[in-house]
Structure formats: structure tokens, C-alpha cells
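In what follows, a structure is listed as C-alpha cells, so that the remarks can point back to it.
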Amino acid sequence: MAVLSTAARQSPPWLDAWETSVPDDPTAAILRADALMDQAGEARGAAAARYTTEEQFREFHRLSALAAEASRRAVALNPDDPNPWVTRMAAMLADGHRRHDEFLVARNEAVRRDPDNFEAHLMTVTFLCKKWYGSHEEMFAAAREPAAAASAGSSVAMLPLLAHFEYALREYGFVTRSSSLAAKAAYFRRPEVIWEIDGCAAKWRGAGEPRLIGRGVTLRHWLALANYLADHDRAGTKALLTQLQSYLGSTPAYGYFWVQQAEGFHAVWKWAR
Numbered sequence: 681m682a683v684l685s686t687a688a689r690q691s692p693p694w695l696d697a698w699e700t701s702v703p704d705d706p707t708a709a710i711l712r713a714d715a716l717m718d719q720a721g722e723a724r725g726a727a728a729a730r731y732t733t734e735e736q737f738r739e740f741h742r743l744s745a746l747a748a749e750a751s752r753r754a755v756a757l758n759p760d761d762p763n764p765w766v767t768r769m770a771a772m773l774a775d776g777h778r779r780h781d782e783f784l785v786a787r788n789e790a791v792r793r794d795p796d797n798f799e800a801h802l803m804t805v806t807f808l809c810k811k812w813y814g815s816h817e818e819m820f821a822a823a824r825e826p827a828a829a830a831s832a833g834s835s836v837a838m839l840p841l842l843a844h845f846e847y848a849l850r851e852y853g854f855v856t857r858s859s860s861l862a863a864k865a866a867y868f869r870r871p872e873v874i875w876e877i878d879g880c881a882a883k884w885r886g887a888g889e890p891r892l893i894g895r896g897v898t899l900r901h902w903l904a905l906a907n908y909l910a911d912h913d914r915a916g917t918k919a920l921l922t923q924l925q926s927y928l929g930s931t932p933a934y935g936y937f938w939v940q941q942a943e944g945f946h947a948v949w950k951w952a953r
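Residue numbering for the sequence shown follows the working numbering, starting at 681 and increasing by one per position.
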């Protein structure tokens, strides 16, 4: 679905034709919602709020509102699908300061349909982090509670790693990523952080080696990055990177510690070799 959403954003005429020929197709409806949300994210950009223009914020709000409306239509067309609820959650990033309760309602609807829905829990961790509309305590609870309840092999088991990335980013510097890397690494080298990284990875692998597609790629990058920062399990990290080869894809977590994702990937690769 993510691949199709990206294609819809980059080349919309084929989705337009799909919607015209089958107006009430639920798959086309959620693709439209997701494509609008992707456009909203691009309009805002990845910079901190202080470096984001009013025009960027206006476009982010406009496209997020359109994505929310499209997600409501997708819910109506397929009430059992959790994905439109996740898109609605993402759309609330535009004005979450006044929509906290509404966000949690949408989160509950998504996980009621799919308790181990990775995107729903990922969006909750994001929304409730201190960088957006929550606190460190809310963020870690949003990561740890579903991770503890998840079945062995679930991607949700790895969410505490993201919470640690977000915590380090907020506490030890976003704008000064290069100069603050040592402080962030010192945080990851705390015994309790390493213990949690290992526990998450063990549960994630509890049903066998995760597939090397989609989230399986992203979560290997998360684990490799966390191990690098913690200076922990170099051999295991080398094995992860051997599986990944040179495939980076889009791994925003590297950007929490380096300006360029590829720069971070190469640093981790060099350390693990």
C-alpha cells in the first residue's frame, strides 16, 4: 500500500482514472487519502518549526484537511479497514494541540480493528512525543505498552527504539546534530537502554527471522543504528547490514543524528565492518 501511495503522489493521473472508472472503490479511496497526506508532509518539509515558513505551514494544514476528509470517505467505504483511521491520525499532526482526544479516539478505532497495527502505534508515538503534542512520559508509554502486549514477531515490539531516538533528539539537540552526537551516544550506552534494545530485538525475532521487506528493512536499520549509538553488538550489526547490503531506502531515524540519512548509514556500516 505504501508503494502505491507514493506512486499516487508522484504520478496522480492513474489514480484519477481509477476513481473515475470505479468511484466507490475503497482501495482507491485510501490511496487518495494517503497521497494527500504524503503531499502535506512534503509541503511542510522536515525542518524544525523555527525553519519552516508560514506558507509551508498553511499548505501543510490545507492538504492535511483534505487528507482527513478523504480518510473519512475511505472509512465509510470500508469500515473494517484500520488504514483510513491511521491516515486520519496523521492528518491531526497539523493541529494536534486542540485535537488530543480526537486523536486518541482515531487511534483506538485503528487498533480495535488491528491490535498490532504498526503504523497506528508508530503514529501514536510520533504524536505524543515532546517534539509534537505530548511528553516523554506519554511517548514512552505509547511505545512500551503495545510492545509489551504484542505477539512475538510483531514489528510493534520495536517501537521503544523509536522512543529512544526521539528522546535523544529532543534532549541532546536537533539543530546541533553533528556536535551533539557524542551526548546522544552516551545516552544510548546506559545499561537500561541497551537492555531494552536487546529485549525489543529478541521479541521482534521471536517468531523467526523477520522478512527482509517493508518494515523488516526499516527495523533492521533502527536496530543497527541503536547498536551503533550504544557501541553494542558489533557482530550482530554487521550481520544486519549484510542482509541489507547497500539498501538504505528512506530511514528518517538516521536524520536524528546526521544531516543526511546516507551519512549516518555509512557511519554505522564503517563501525560494524
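All C-beta atoms, glycine included, are put in the ideal place defined by N, C-alpha and C.
Once you ignore the five residues that flank residue 880 on each side, which residues in its own chain have a CB closer than 7 Å to its CB?
Only 827, 837, 838, 840 and 841 meet the Cβ criterion.
Cβ pair residue 808, residue 819 closer than 8 Å:
Yes. Within cutoff.
Own chain, CB closer than 8 Å to residue 793, minus 5 neighbours either side, in chain order
Result list for residue 793: 760, 761, 762 and 765, in chain order.
Euclidean distance between Cα positions of residue 927 and residue 893
Cα to Cα, the separation comes out at about 11 Å.
Where residue 706 and residue 758 are concerned, what is the direct C-alpha to C-alpha distance, given to the nearest angstrom?
Spanning the two alpha carbons is a distance of roughly 6 Å.
Compare the C-alpha of residue 900 against each of 924, 768 and 709 and name the closest.
In terms of CA proximity to residue 900, 924 leads the group 924, 768 and 709.
Measuring CB atoms only, is the region 779–792 touching the region 736–747, in the sense that at least three cross pairs come out at less than 8 Å?
The answer is no - the region 736–747 does not touch the region 779–792, with fewer than three Cβ pairs under 8 Å.
Mind checking which residues open and close the alpha helix (DSSP H) that includes residue 834?
Residue 834 -> no alpha helix (DSSP H), and no H or E assigned at all.
Indicate whether residue 822 and residue 805 have their beta-carbon atoms separated by less than 8 Å.
In contact: residue 822 and residue 805 (Cβ atoms closer than 8 Å).
List the endpoints of the continuous alpha helix (DSSP H) containing residue 799.
It spans 798–807 - the alpha helix (DSSP H) in which residue 799 sits, taken as one unbroken run.
Please state the DSSP three-state secondary structure of residue 935.
In this structure, residue 935 counts as helix in the three-state DSSP scheme.
Tell me the DSSP secondary structure of residue 888 in three-state form.
The three-state reading of DSSP puts residue 888 in strand, counting E and B together.
Given residue 953, which residues of its chain have a CB within under 7 Å of its CB, disregarding the five upstream and five downstream residues?
Excluding its 5 nearest sequence neighbours in each direction, residue 953 has C-beta neighbours in its own chain below 7 Å: 918, listed in chain order.
So, with DSSP's three-state summary, where would you put residue 852?
Correct three-state label for residue 852: helix.
Taking only three categories from DSSP, how would you classify residue 830?
Here residue 830 sits in coil by DSSP.
Residue of 721, 775 and 860 minimising C-alpha distance to residue 939
Ranking the options by Cα distance to residue 939, first place goes to 860.
Out of 753, 887 and 699, state which residue places its alpha-carbon closest to the alpha-carbon of residue 708.
Distances from the CA of residue 708 to each of 753, 887 and 699 were compared; the closest alpha carbon is that of 699.
Measure how close the beta-carbons of residue 715 and residue 748 come, nearest whole angstrom, since I'm counting them as under 8 Å.
Residue 715 to residue 748, Cβ: 13 Å. No contact.
Return the residue from the list 825, 835 and 824 that minimises the CA-CA distance to residue 797.
Among 825, 835 and 824, the Cα nearest to that of residue 797 is on 835.
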